[in-house]
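These notes concern the structure reproduced below.
There are 2 protein chains.
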Amino acid sequence: MKRHQVTIIDIAKELNISKSTVSRALHGHQDINEQTKKKVLELASRLDYQPNLLATSLVMSKSYTVGMVVPEFLTPFFPSVIMGAQEVMSKAGYNVMICQSNESYEMEVANTKALLASRVDGILASVTRETRNFDHFQALHRKGIPVVFFNRVCEELEVSKVIVDDYEGAFMAVEHLITTGRKRIAHLAGPDSLIISRRRLKGYIDALQKHILPVEEDLIIQYDLTPEKATIYVKHLLDLPNPPDALFAINDPTAIAAMLVIKDKGLRIPQDIAVVGFSNDPASALIEPGLTTVAQPVFDIGREAAYLFLEQVDIDLEEYKPQTKVLQTKLIVRGSSIPHAV
Amino acid sequence: MKRHQVTIIDIAKELNISKSTVSRALHGHQDINEQTKKKVLELASRLDYQPNLLATSLVMSKSYTVGMVVPEFLTPFFPSVIMGAQEVMSKAGYNVMICQSNESYEMEVANTKALLASRVDGILASVTRETRNFDHFQALHRKGIPVVFFNRVCEELEVSKVIVDDYEGAFMAVEHLITTGRKRIAHLAGPDSLIISRRRLKGYIDALQKHILPVEEDLIIQYDLTPEKATIYVKHLLDLPNPPDALFAINDPTAIAAMLVIKDKGLRIPQDIAVVGFSNDPASALIEPGLTTVAQPVFDIGREAAYLFLEQVDIDLEEYKPQTKVLQTKLIVRGSSIPHAV
DNA sequence: CTGTTAGCGCTTTCAA
DNA sequence: TTGAAAGCGCTAACAG
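In order, the protein sequences belong to chains A and B. Just so we're aligned: 184 in the UniProt record's numbering is position 184 of the first sequence, and the numbers increase by one with no gaps anywhere. Just so we're aligned: 181 in the UniProt record's numbering is position 181 of the second sequence, and the numbers increase by one with no gaps anywhere.
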């Protein structure tokens with residue numbers, strides 16, 4: 001159905017010049033007659049000429065496009081990261097192809113394949129909660145395509161990464177609970193496959209130990225981050241013979257799900273049980289009481305990932321030493337941990 | 001830096017056959033020797049051959065990619081629509097390129113240009129709150145590239161659209177407020193440029209008139225959907241000598257912003273003032289009291305948009321008659337309009 | 001069943 | 001300053 005789109009050949013014919021000249025005029029090469037250049041530009045805009053990126057990319061072996069694959073984007077966390085990355089990428093003349101794996105390993109693999117087929121110049125990725133095999137990223141890396149992980153990274157791969165100081169954030173959060181008088185702090189943790197889970201868990205444990213509090217196995221629950229499971233496990237924790245007086249959740253959605261269960265049970269937050277999350281999603285300020293949480297510099301995560309890509313895109317694979325940027329977190333105290341706080 | 005990626009020529013050389021044969025083997029054409037086919041497939045997978053979509057698209061003048069441009073994706077509304085569209089597009093063998101215009105007209109224009117440069121086969125779009133000129137979409141349409149609008153559509157363009165019954169939704173919402181005893185219902189409306197604003201406003205007015213309630217100019221405020229402005233206008237409404245006893249907001253973010261202002265002022269929701277939103281964002285169930293709102297079938301919006309694209313992609317431009325799908329909304333009653341509701 | 005050829009739209013030497 | 005020619009990776013007639 002498509003009418004033939006305008007090409008440089010159309011312009012060349014119309015002007016009785018060669019397509020090479022048109023190409024040069026369009027790109028403002030130096031050795032070009034001002035007259036012809038002007039004519040070309042005029043005609044191009046009159047015909048609404050749009051360069052065919054497919055053709056350019058093919059001949060240049062460079063698409064000026066990077067792929068971004070995120071596990072979900074219903075929560076504002078990843079969209080914010082994407083916006084940060086887009087900001088710096090578009091300034092650098094790159095397009096960003098956004099893929100969403102929907103927390104499915106298979107989708108993630110399909111996404112990376114599709115991006116590879118589109119010959120992206122690089123990939124910025126955060127893996128799904130079920131990804132345990134990283135061959136698809138390994139393959140990209142072997143093919144010389146820069147990969148930058150952010151947030152949910154793969155430790156084994158020797159590529160650049162941007163993460164936040166999950167350990168420190170978790171430590172602060174739990175220490176805050178301890179110094180405000182909590183004795184039995186439960187932790188609803190993420191799956192062991194995600195490094196962020198392991199690091200936040202470590203922060204939790206170390207904070208307890210620093211303050212000489214016991215680390216109790218049955219107060220630590222690792223789960224797969226599906227919302228329904230969160231509800232089940234929180235109920236389980238509350239029904240314990242000796243229930244916790246505080247809960248540190250791996251992320252805000254988990255914490256919010258927990259708060260709903262707690263309120264539903266008629267328990268008071270924070271009097272009966274305090275809750276702390278991680279991420280500072282906008283929803284954490286809406287719920288009542290406000291959710292105490294660990295804020296991450298979302299836009300910066302995206303920006304830094306983009307910078308790390310740009311640093312390596314035009315240099316030799318061998319010359320590049322992967323880097324890991326660690327961004328700082330910040331504790332946001334609200335009413336879910338301290339009565340009468342905001 | 002990029003090592004040369006494996007091509008069909010590499011495979012052909014290795015096997016001492018022609019690249020056409022390789023191409024045929026890869027695509028399972030009928031006239032191909034089972035033996036050679038098997039050898040090709042084996043070698044291809046051994047070398048981790050990935051077809052170059054750029055080349056294929058170029059020669060076929062078809063990219064099997066559609067672009068989606070949305071005004072924002074920090075709120076789950078558009079991401080959900082995207083997921084719906086992605087579901088049907090990927091089943092049909094298409095990739096989806098997601099662009100986010102950040103509510104900026106200029107970004108939107110840039111997005112469409114970039115998609116055109118990537119030679120997408122079609123575009124599914126929802127315009128920004130500031131878009132008043134639609135030449136960029138007009139241009140696509142003239143070039144024979146199918147455009148499907150959803151949610152925030154352009155009425156003037158003769159292309160397919162999917163919308164929800166905004167009028168009906170608004171009418172139901174306001175009628176609900178009236179039948180639960182509200183007399184002075186304010187409306188925080190969207191900008192006049194968006195048809196959804198106009199239709200929801202009309203639903204509001206007609207509901208009032210049906211119930212013989214006056215339509216008061218100073219209870220209707222049109223605004224540009226920026227969060228800060230919402231706050232200002234709600235304060236203004238509350239400070240009126242004769243303040244409203246109910247507020248119907250153009251969407252949930254606006255309604256939630258309003259609730260925060262109202263609570264901040266020490267007024268009770270819904271006793272002093274009832275609030276109703278539009279969209280049924282997840283946050284509307286989290287805030288207290290729960291926000292009464294009009295639910296839209298978000299995934300279906302995306303799915304329908306995708307179907308409308310697929311219907312027209314392979315037929316002649318002249319043969320296709322644009323359609324408008326209107327999906328139904330549903331009123332979700334929560335505590336912000338009725339005491340003791342959920 | 002397979003190879004040869006042309007061409008998709010573009011950039012880039014190399015000559016003129 | 002410009003044109004001719006080659007080639008990016010692939011598909012699709014057209015012969016054989």
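Note that the Cβ used here is the ideal one computed from N, Cα and C, for glycine as well.
B:A92 sits exposed, since fewer than 16 C-beta atoms from the chains shown fall within 10 Å of its C-beta. Residue pairing by DSSP places B:Q100 opposite B:V70 in a beta bridge. Bounds of any alpha helix (DSSP H) do not take in B:F278, whose DSSP letter is neither H nor E. Against chain B, the beta carbon of A:D48 has neighbours under 7 angstroms at A139, listed in chain order.
Restricted to the region 138-180 of chain A, the alpha helix (DSSP H) segments that are unbroken, complete and at least 4 residues in length are 166-179, listed in chain order. Close to chain B, meaning a Cβ-Cβ distance shorter than 9 angstroms, are the following residues of the region 49-76 of chain A: Q50, P51, N52, L53, L54, A55, T56, S57, L58, S61, K62, S63, T65, E72, F73, L74, T75 and P76. Under the DSSP assignment, A:Q222 falls outside any alpha helix (DSSP H), being part of the beta strand (DSSP E) whose first and last residues are I220 to Q222. Setting aside the 5 residues that flank it on each side, A:T180 is surrounded in the same chain by A274, S337 and I338, each with a C-beta closer than 8 angstroms to its C-beta; the list follows chain order. In the three-state DSSP reduction, B:H136 falls in the helix class (H, G or I). Contact between the region 168-183 of chain A and the region 231-248 of chain A is present, with at least three C-beta pairs closer than 8 angstroms. For B:K265, same chain residues with a beta-carbon under 7 angstroms away, outside a window of 5 residues either side, are L238 in chain order. For B:K113, the chain A residues whose Cβ falls inside 8 angstroms of its Cβ are Q50, in order along the chain. Between A:M97 and chain B, the shortest Cβ-Cβ separation is below 9 angstroms.
Within 10 angstroms of the beta-carbon of B:L240 lie fewer than 16 other beta-carbons, which makes it exposed.
From the beta-carbon of A:S337, no residue of chain B is found nearer than 7 angstroms; the closest lies around 18 angstroms away. For B:H236, the uninterrupted alpha helix (DSSP H) segment begins and ends at P227 to L238.
Only residues of its own chain outside the window of five on either side were considered, and among them L240 have a CB closer than 8 angstroms to the CB of A:D218, listed in chain order.
The three-state reading of DSSP puts A:I262 in helix, counting H, G and I together. Listed along chain B are Q50, P51, N52, L53, L54, T56 and N95, each with a C-beta nearer than 9 angstroms to that of A:A117. A direct Cα-to-Cα measurement between A:T128 and A:A173 gives close to 25 angstroms.
Not a single C-beta of chain B is nearer than 9 angstroms to the C-beta of A:K330. P282 and A283: these are the residues of the region 268-285 of chain B whose beta carbon lies less than 8 angstroms from some beta carbon of chain A, given in chain order. Annotation for B:G302: the continuous alpha helix (DSSP H) segment containing it runs V298 to V313. Looking at A:D48, A:S23, A:A295 and A:H187, the one whose alpha-carbon comes closest to that of A:K37 is A:S23. For B:K13, no beta strand (DSSP E) run applies; the uninterrupted alpha helix (DSSP H) run containing it begins and ends at I8 to L15, by DSSP. Between the region 275-295 of chain B and the region 278-289 of chain A, the count of Cβ pairs shorter than 8 angstroms is three or higher; the stretches touch. When C-alpha distances from A:G335 are compared across A:I301, A:P289 and A:F309, the shortest belongs to A:P289.
The CB of A:Q5 comes closer than 8 angstroms to the CB of R119 and K143 in chain B, given here in chain order.
DSSP, read as helix, strand or coil, puts B:A25 in helix. Across the structure, B:L260 and A:A117 are spaced so that their CA atoms are roughly 48 angstroms apart. When B:Q209, B:V276, B:E304 and B:T75 are compared, the shortest CA-CA separation from B:Q328 is found for B:E304. Nearest to A:Q222 by alpha-carbon distance, out of A:P253, A:A189 and A:V276, is A:A189.
Proximity of chain A to B:P297 at the Cβ level (cut-off 9 angstroms) is not reached, the minimal Cβ distance being about 16 angstroms. A distance of 9 angstroms or more separates the beta carbons of A:G67 and A:A25. Shortest Cα-Cα distance from A:F149 to any of A:Q271, A:D165 and A:T324 involves A:T324.
About 17 angstroms separates the beta carbons of A:T131 and A:E158, which is beyond the 8 angstroms limit, so they are not a contact pair.
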